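If you're matching them up, the sequences are chains A and B in order.
Yeah, the first sequence ends on 448 if you go by the numbering used here, and it's all consecutive.
Yeah, the second sequence ends on 324 if you go by the numbering used here, and it's all consecutive.
Glycine is no exception: its CB is placed at the ideal position from the N, C-alpha and C atoms.
Predicted model, so just to flag it, every value in this text is computed and none were measured.
Presented below is the structure to which this report refers.
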Amino acid sequence: MAKGLVLVVDDEAPIRDILSFYLKRAGYQVLTAGNGAEALGEMGRSRPDLIISDLRMPEMPGDELCKRVKSDPATQDIYFIILSALDGTASRIGGLSLGADDMIPKPFHAQEVLAKVDSTFRLIAMQKEIKRQNKELTAFQQRVQDEMELAAALQMGLLPKLPGEAPGAGYTHRYLPAEGIGGDIYAVLPLPDESLAMMIADVSGHGVTAALISAMVKTSFENQVRLGGEPLAWARGMNEDLCRSTLAEQFATAWLGRLDPATNKIRYVVAGHCAPLRIVGGSKGGLQRSEVLRGKGFMLGLDVQLPFVEHEAEFLPGDRLVLYTDGLVEVEREDRAMLEEAGLRRICAELPAGAEAAAEAVITQARAFNHPVPFVDDVTLVILDRKA
Amino acid sequence: MLNIQTRQEGTASVVSIQGKVNFEVTAQLRDVIRETVATAQPKLLVINLEGVSFIDSSGLGLLVAARNSVDKSGGKLHLCCLPAPVKKTFDQTNLTNYFSIFATEQDALRGA
Numbered sequence: 061m062a063k064g065l066v067l068v069v070d071d072e073a074p075i076r077d078i079l080s081f082y083l084k085r086a087g088y089q090v091l092t093a094g095n096g097a098e099a100l101g102e103m104g105r106s107r108p109d110l111i112i113s114d115l116r117m118p119e120m121p122g123d124e125l126c127k128r129v130k131s132d133p134a135t136q137d138i139y140f141i142i143l144s145a146l147d148g149t150a151s152r153i154g155g156l157s158l159g160a161d162d163m164i165p166k167p168f169h170a171q172e173v174l175a176k177v178d179s180t181f182r183l184i185a186m187q188k189e190i191k192r193q194n195k196e197l198t199a200f201q202q203r204v205q206d207e208m209e210l211a212a213a214l215q216m217g218l219l220p221k222l223p224g225e226a227p228g229a230g231y232t233h234r235y236l237p238a239e240g241i242g243g244d245i246y247a248v249l250p251l252p253d254e255s256l257a258m259m260i261a262d263v264s265g266h267g268v269t270a271a272l273i274s275a276m277v278k279t280s281f282e283n284q285v286r287l288g289g290e291p292l293a294w295a296r297g298m299n300e301d302l303c304r305s306t307l308a309e310q311f312a313t314a315w316l317g318r319l320d321p322a323t324n325k326i327r328y329v330v331a332g333h334c335a336p337l338r339i340v341g342g343s344k345g346g347l348q349r350s351e352v353l354r355g356k357g358f359m360l361g362l363d364v365q366l367p368f369v370e371h372e373a374e375f376l377p378g379d380r381l382v383l384y385t386d387g388l389v390e391v392e393r394e395d396r397a398m399l400e401e402a403g404l405r406r407i408c409a410e411l412p413a414g415a416e417a418a419a420e421a422v423i424t425q426a427r428a429f430n431h432p433v434p435f436v437d438d439v440t441l442v443i444l445d446r447k448a
Numbered sequence: 213m214l215n216i217q218t219r220q221e222g223t224a225s226v227v228s229i230q231g232k233v234n235f236e237v238t239a240q241l242r243d244v245i246r247e248t249v250a251t252a253q254p255k256l257l258v259i260n261l262e263g264v265s266f267i268d269s270s271g272l273g274l275l276v277a278a279r280n281s282v283d284k285s286g287g288k289l290h291l292c293c294l295p296a297p298v299k300k301t302f303d304q305t306n307l308t309n310y311f312s313i314f315a316t317e318q319d320a321l322r323g324a
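Below is the structure:
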């Protein structure tokens, strides 16, 4: 197989013949031309990998040819070696400033030209390989990005559809993952006895791993709820599930609650999660008082032996529940201040009616407090209004 | 970037941390703890959190993993000198009851 295609351009036939002879003997394919114009004609028929051109020629000199080759995007990657009787540094610089890749002074030894052509083709081969690898890498990157986007879309699909409707309650969410895909998850499940099972969780870490575990958390919650029982039993079951299936440093903080409309109570377990707010009569909007549904508890997935505690709080018709993950309140401003629970309660002291408008107001005001620092962690906010 | 110092006190290793322990620095801290446990094989590992201004869930996860790995090798992990914001995070997650926590480094080194 030919090693590559070389176009030799010189107005002196003996020079063309000598170069052709040596190059062909070395295994190259050779085209020849007597001046720049002829060379361009040859190039119209087949694209050389390398051009070796004299400078002084009739019709079109080598410098003009070089300029044309190097200024045309279709041909600028072709290696260009100037072959010139004008020896000396000045002309050498002159030749290279035309855009030529190299120069060979005349008179030349055929062996010298051949050595230079060989080394040029090694360079060309290397460049081709780099280009090929680059292309592969770009394709790989694109594939990864496509998959991430697909995963992010799938994750969005794990969240409840909005506007969220459950018997006796309406809710909405804001879900802002830090890296397109995140470790936050929540669920609201209406139960056959008219009560409402609720869960919000934040898986440690970010990105794909956290997202996978968040899907696991949701499935585990749904399974536990299906088994019946109260949040305490759900927490134990989910803790076992997570201990079994995650690695050393992976766990989830969670809040699990069950609203019983008959008794107007929420029974809940706090598993290392930020305690939600109850806004008394909050669904009608305006100035309201908030209460924190406090409780201490271990995160899920730490250790199978760890105990959980169930708490109970009043939750009346017309009350509003604010569930969130720590990313909402733990952005450190330049002055080191953080919104924290106290700041969120200040925001919640006056919110509009309607879960959607309230969620928007909370996010907007949290952003204003943090300004100019953006959210850095996954942020999830759920506002659930119990119908009056 | 975290500032982490380690030193040996008899059969105990002490790791002192300064800075914000979050997702971005857990790899750095994990390496130091892993290396300390592997090379010194301490009977007691004390982690001094005096200089920690903030710890997030990845940081907590790392400490939990550290305790488990020290437990497995028959050693003990003691934490000491928790600043108020860190103490709050530990309280919220009930980790105060999961770790052996001491007020001073001396207590942590003495505490059996």
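Q) Would you report the Cα separation of alanine 335 of chain A and glycine 263 of chain B, rounded to the nearest angstrom? A) 27 angstroms
Q: Quick one: grab the DSSP three-state call for valine 249 of chain B.
A: helix
Q) Okay, do the stretch 416-434 of chain A and the stretch 226-238 of chain B touch, 3+ Cβ pairs below 8 angstroms being the bar? A) no
Q) Count the other CB atoms within 10 Å of the CB of valine 204 of chain A; is the residue buried (16 or more) or exposed (fewer)? A) exposed
Q: For valine 184 of chain B, return the contacting residues in chain A, with the cut-off set at a CB-CB distance below 9 angstroms.
A: Residue coverage of chain B in this structure runs from 213 to 324, which leaves residue 184 of chain B outside it and unanswerable.
Q.
Please state the DSSP three-state secondary structure of glycine 224 of chain A.
A. strand
Q) For glycine 240 of chain A and chain B, any beta-carbon pair shorter than 8 angstroms? A) no
Q) Relative to chain B, which residues along the stretch 253-267 of chain A have a C-beta separation below 9 angstroms, given in chain order? A) Asp262, Val263, Ser264, Gly265, His266
Q) Taking DSSP as the reference, what is the three-state secondary structure of leucine 307 of chain A? A) coil
(Q) For a quick check, are the C-beta atoms of leucine 347 of chain A and glutamate 410 of chain A less than 8 angstroms apart? (A) yes
Q) Helix, strand or coil: which one does DSSP assign to tyrosine 82 of chain A? A) helix
Q. Out of curiosity, what's the CA-to-CA distance linking glutamine 171 of chain A and lysine 191 of chain A?
A. 30 angstroms
Q. Residues of chain A with a CB under 9 angstroms from the CB of valine 303 of chain B: which are they?
A. Correcting the residue identity first, residue 303 of chain B is aspartate in this sequence and not valine. Lys356, listed in chain order.
Q | Assigned secondary structure, isoleucine 241 of chain A (DSSP; H/G/I helix, E/B strand, else coil) | A | coil
**Q.** Residues of its chain near phenylalanine 302 of chain B, where Cβ-Cβ distance is below 6 angstroms and the 5 sequence neighbours each way are ignored
**A.** Thr308
Q: For the alpha helix (DSSP H) holding asparagine 397 of chain B, just list the boundary residues, first then last.
A: Outside the displayed span of chain B (213 to 324) sits residue 397 of chain B, for which this structure offers no information.
Q) If you compare alpha carbons, which of B/Thr251, B/Asp319, B/Ala250, B/Ile216 is closest to leucine 291 of chain B? A) B/Asp319
Q | Beta-carbon gap between leucine 360 of chain A and alanine 331 of chain A smaller than 8 angstroms | A | yes
Q.
Just to make sure I have the definition right: I need the residues of chain A whose C-beta is within less than 7 angstroms of the C-beta of phenylalanine 235 of chain B. Which are they?
A. Gly265, His266
Q: Round the Cβ separation of leucine 526 of chain A and alanine 86 of chain A to the nearest angstrom and send it over; I've been treating them as touching at under 8 angstroms.
A: In this structure chain A extends from 61 to 448, so residue 526 of chain A is not present and cannot be described.
Q) Shortest alpha-carbon distance to serine 264 of chain A belongs to which of A/Asp253, A/Thr279, A/Ile245, A/Pro227? A) A/Ile245
Q: Just the C-alpha distance for valine 227 of chain B and leucine 289 of chain B, rounded to the nearest angstrom, thanks.
A: 11 angstroms
Q. Whose C-beta lies closer than 7 angstroms to the C-beta of lysine 63 of chain A among residues of the same chain, with five residues either side of it excluded?
A. Gly87, Tyr88, Phe181
Q: Measure from the alpha carbon of lysine 300 of chain B to the alpha carbon of each residue in B/Gln230, B/Leu256, B/Tyr310, B/Phe266, then state which is nearest.
A: B/Phe266
Q: Would you list the one or two residues that DSSP bridges to asparagine 280 of chain B?
A: The partner list for asparagine 280 of chain B (beta bridge, DSSP) is empty, contrary to what the question assumes.
Q: May I ask you to report which of helix, strand or coil DSSP gives glycine 387 of chain A?
A: helix
Q. Where does serine 305 of chain A land, buried or exposed, given buried means 16+ other C-beta within 10 angstroms?
A. exposed
(Q) Give me the residue from A/Leu399, A/Ser80, A/Pro377 with the minimum Cα distance to alanine 229 of chain A. (A) A/Pro377
(Q) Please classify threonine 323 of chain A as buried or exposed, where buried requires at least 16 neighbouring CB atoms within 10 angstroms. (A) exposed
Q) Which residues in chain A sit within 7 angstroms of asparagine 306 of chain B, going by Cβ to Cβ distance? A) Gly332, Lys356, Gly357, Phe358
Q) According to DSSP, which residues form a beta bridge with proline 250 of chain A? A) A/Leu256
Q.
Going residue by residue through the stretch 358-418 of chain A, where are the continuous beta strand (DSSP E) segments of at least 3 residues, counting only ones entirely within it?
A. 370-374, 380-384
(Q) Residues in the same chain with beta-carbon distance under 8 angstroms from cysteine 408 of chain A, minus the five sequence neighbours each way, listed in chain order, please. (A) Leu337, Ile339, Gly342, Gln348, Ser350, Val382, Val422
(Q) Could you tell me the alpha carbon to alpha carbon distance between glutamate 400 of chain A and leucine 353 of chain A, rounded to whole angstroms? (A) 15 angstroms
Q) Taking the alpha helix (DSSP H) that alanine 199 of chain A falls in, what are its first and last residues? A) 170-218
(Q) Run through chain A and tell me which residues come within less than 8 angstroms of serine 312 of chain B, C-beta to C-beta. (A) Within 8 angstroms Cβ-Cβ: nothing; serine 312 of chain B doesn't reach chain A, min ~15 angstroms.
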